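Trainee: So that we are looking at the same thing, I have put the structure below in structure tokens.
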């Protein structure tokens, strides 16, 4: 298998190779699967035996119509069939949502499930991608997301709750408030594909809200929580008009005989299903504890049946993935091809303890060799290291995530052109390396008028024949930032006589850039040529320049409180992000620990399905 590992992954740019492809390369036996996020405890062995005994019947004959299978599922979940549409996997439903209900634009936080970004772009829609900051533990701030949607003028908004791949979770109250503030949008989709595994609160689902609201769809994937990805079945819940519009476009036999057989078996196995969710939640805590003990490895708290981990500094995700597969027969999901992520991140599916021990042992050998404590420590402040998402974090935070300058500098700038809209897939040379992401402008220091540019050192008088004033692109720590030269052309310099002889105080953004690469900046400043001045400024020139000089200190812009939807304009600016919290502080439980619910006696309803806290 070792010789074919790289080629297998190169052939599946959007995901990992299928288990069938991996099994064909290893004499019919696949690896231990930490990649595909399905329930390892359901169906039960007895259910698999029943399916095996009926195999010939199942694959020989046509299934019943989709209406018959949907009616059986709705009877189990106590949902009105008119509000439900079942699909051949959630991706079929995403496809029809895009074709029928997304007219021009869709907003989605990234990183996330790839079909929410790829599907609309494939049909020529504009996809407005809201970056989840690595510095904030990839936590979604609904208020800032709403302001981003308003600023972009997006017509469809999507939230995955919990989010894939990081497991980020929003409380039911936060999701309902999000829907309240965006009642005027064409559509809001809440993707609850992994919500069955959450235990952060008693009743996180908004399925009842979807039935009553005119513009809300809740999406669910049955394959993940039932442990049956290969059957390809999922469903959506919406008001009868929306659900009927989707249902009318689906083929009469879009659901296969395996899906029908499983749906009709479920009513006898409700207690086993709830127990399987309890076991996954227990294993998630134990797996996070074991992985957190690995030196240099960061584990982000999750409410899904997977964990998002950041590898130690110096570790390359593709190398770790390939070695785990070829040397230890362990399959993991490397996230370098997810928009908003980088190859420094892995998504690891929750599995039983025996499998986790094998994973931890394999990662120890791959990451550290024979020395248990040999992991490279995190580089300290002032180094030049940054992962792919950290670079995006820096660029987005300087513009509040919407391509706008900070308020303190906006008054001194000419009007910016409206944000570029992309009718199809993002340009090949996106500044941040993330296709479809809203283009972030250059750091504020490079965008200010020339007479307000912060100087690296005091300009000194010199004869006119000496070397000319260096361009802004040659200043340390500005042009060296990723994508800056492509995002903003160097501004034309003003005559030296119009410049102040005293350098203004460096802006906060330029200071951040200088601190990020302190060692290089210091060496470059020592070697930088002294700018030339054509002649000493006259008193009149000094007075003119002084009138154009900005205040020596600009106060930091305070965080803006979330405004109601009706009051948000197309140019609203979100508040600055809190960059001081750890992942543990911005994630985890959002409400007090709920009391244990009574043991279920049968199959749970759609709402009660999520109320059993293990």
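Numbering (the working numbering), first residue to last: -2 to 611.
The beta carbon of each residue, even a glycine, is placed where N, CA and C say it ideally should be.
In this text the structure is predicted, and so the values were computed from the model without any measurement.
Does DSSP put residue 183 in a helix, in a strand, or in coil?
Mentor: Of the three classes helix, strand and coil, the one that applies to residue 183 here is coil, per DSSP.
Trainee: Apply the 10 Å Cβ neighbour rule to residue 105 and answer buried if 16 or more other Cβ atoms are within range, or exposed otherwise.
Mentor: It counts as buried.
Trainee: I'd like to know whether the C-beta atoms of residue 161 and residue 36 end up nearer to each other than 8 Å.
Mentor: No, the pair does not count as a contact, with Cβ atoms beyond the cut-off.
Trainee: Compare the beta carbon distance of residue 60 and residue 253 with 8 Å and say whether it is the shorter of the two.
Mentor: Taking 8 Å as the Cβ cut-off, residue 60 and residue 253 qualify as a contacting pair.
Trainee: For the stretch 185 to 230, list the beta strand (DSSP E) runs that are entirely contained and at least 3 residues long, ordered along the chain.
Mentor: With a minimum length of 3 residues, the continuous beta strand (DSSP E) runs that stay inside the stretch 185 to 230 are 213 to 218.
Trainee: Helix, strand or coil for residue 615, going by three-state DSSP, please let me know.
Mentor: Residue 615 lies beyond the stretch modelled for the chain, which goes from -2 to 611, so this question has no answer here.
Trainee: Assuming residue 29 is part of the beta strand (DSSP E), what are its boundary residues?
Mentor: Note, residue 29: beta strand (DSSP E), 29 to 31.
Trainee: Where residue 345 and residue 32 are concerned, what is the direct C-alpha to C-alpha distance, given to the nearest angstrom?
Mentor: Distance between the alpha carbons of residue 345 and residue 32: 6 Å.
Trainee: If you measure between the beta carbons of residue 281 and residue 357, is that distance less than 8 Å?
Mentor: Their beta carbons are not under 8 Å apart, which means residue 281 does not touch residue 357 by this criterion.
Trainee: To test your reading of the DSSP string, which unbroken beta strand (DSSP E) runs of 3 or more residues are found completely within the stretch 115 to 187?
Mentor: The stretch 115 to 187 contains these whole beta strand (DSSP E) runs: 123 to 128 and 153 to 157.
Trainee: Quick one, which of 74, 27, 270 and 173 has its alpha-carbon nearest residue 43's?
Mentor: Nearest C-alpha to residue 43: 270.
Trainee: Going by the CB atoms, is the gap between residue 149 and residue 183 shorter than 8 Å?
Mentor: The answer is no: Cβ separation not under 8 Å.
Trainee: Mind the definition here: the stretch 231 to 246 touches the stretch 206 to 220 only if three or more C-beta pairs lie below 8 Å; say whether that holds.
Mentor: These segments touch.
Trainee: On the DSSP bridge list, what partners appear for residue 84?
Mentor: Looking at the DSSP assignment, residue 84 forms a beta bridge with 231.
Trainee: Quick check: the stretch 114 to 130 against the stretch 67 to 77, are at least 3 beta-carbon pairs closer than 8 Å?
Mentor: These segments do not touch.
Trainee: Have a look at residue 122 and residue 102 and give me their C-alpha separation to the nearest angstrom.
Mentor: Spanning the two alpha carbons is a distance of roughly 5 Å.
Trainee: Going by the DSSP bridge assignment, what does residue 618 pair with across the sheet?
Mentor: Because the chain is modelled from -2 through 611, residue 618 falls outside the range shown and cannot be assessed.
Trainee: Here's a check: name, in chain order, each residue in its chain whose Cβ is nearer than 7 Å to the Cβ of residue 58, leaving out the five neighbours to either side.
Mentor: Only 254 meet the Cβ criterion.
Trainee: Quick check on residue 341: does DSSP put it in helix, strand or coil?
Mentor: Three-state DSSP puts residue 341 in coil, outside helix and strand.
Trainee: When DSSP labels each residue in this structure, what does residue 295 get in the three-state scheme?
Mentor: Strand at residue 295.
Trainee: Could you spell out where the beta strand (DSSP E) holding residue 304 opens and where it closes?
Mentor: That run of the beta strand (DSSP E) goes 303 to 307.
Trainee: So for residue 346, helix, strand or coil by DSSP?
Mentor: Strand.
Trainee: Can you tell me which residues form a DSSP beta bridge with residue 102?
Mentor: Per DSSP, 123.
Trainee: Skipping 5 residues on each side, what residues in its chain have a beta carbon closer than 6 Å to that of residue 142?
Mentor: The answer, listed in chain order, is 127.
Trainee: Where does residue 278 land, buried or exposed, given buried means 16+ other C-beta within 10 angstroms?
Mentor: Buried, since its Cβ has 16 or more Cβ neighbours within 10 Å.
Trainee: Can you find the residues in the same chain that come closer than 6 Å, C-beta to C-beta, to residue 170, ignoring five residues on each side of it along the sequence?
Mentor: Excluding sequence neighbours, residue 170 sits near nothing in its chain.
Trainee: Relative to the alpha-carbon of residue 173, which residue among 186, 206, 155 and 144 has its alpha-carbon at the smallest distance?
Mentor: The shortest Cα separation from residue 173 among 186, 206, 155 and 144 belongs to 206.
Trainee: Could you tell me how far apart the beta carbons of residue 29 and residue 320 are, in whole angstroms, since I believe they sit closer than 8 Å?
Mentor: Actually they are not in contact, since the Cβ atoms of residue 29 and residue 320 sit about 14 Å apart, beyond 8 Å.
Trainee: State the DSSP-derived secondary structure class of residue 264, mapped to helix, strand or coil.
Mentor: Of the three classes helix, strand and coil, the one that applies to residue 264 here is helix, per DSSP.
Trainee: Do residue 240 and residue 80 have their C-beta atoms within less than 8 Å of each other?
Mentor: Yes, these two residues count as a Cβ contact at 8 Å.
Trainee: Quick check on residue 257: does DSSP put it in helix, strand or coil?
Mentor: Correct three-state label for residue 257: helix.
Trainee: Should residue 166 be counted as a contact of the ligand GDP given a C-beta to heavy atom distance under 7 Å?
Mentor: No copy of the ligand GDP occurs in the structure displayed, which carries no ligand at all.
Trainee: Please list the terminal residues of the continuous alpha helix (DSSP H) segment that includes residue 37.
Mentor: Counting along the chain, residue 37 falls outside any alpha helix (DSSP H), and DSSP gives it neither H nor E.
Trainee: If I'm right that residue 157 touches residue 88 with Cβ under 8 Å, what's the distance once you round it to whole angstroms?
Mentor: Not confirmed; about 14 Å, so no contact.
Trainee: Rounded C-beta distance between residue 285 and residue 364? I'm assuming under 8 Å.
Mentor: Between residue 364 and residue 285 the Cβ distance is about 17 Å, and since that is not below 8 Å, they are no contact.
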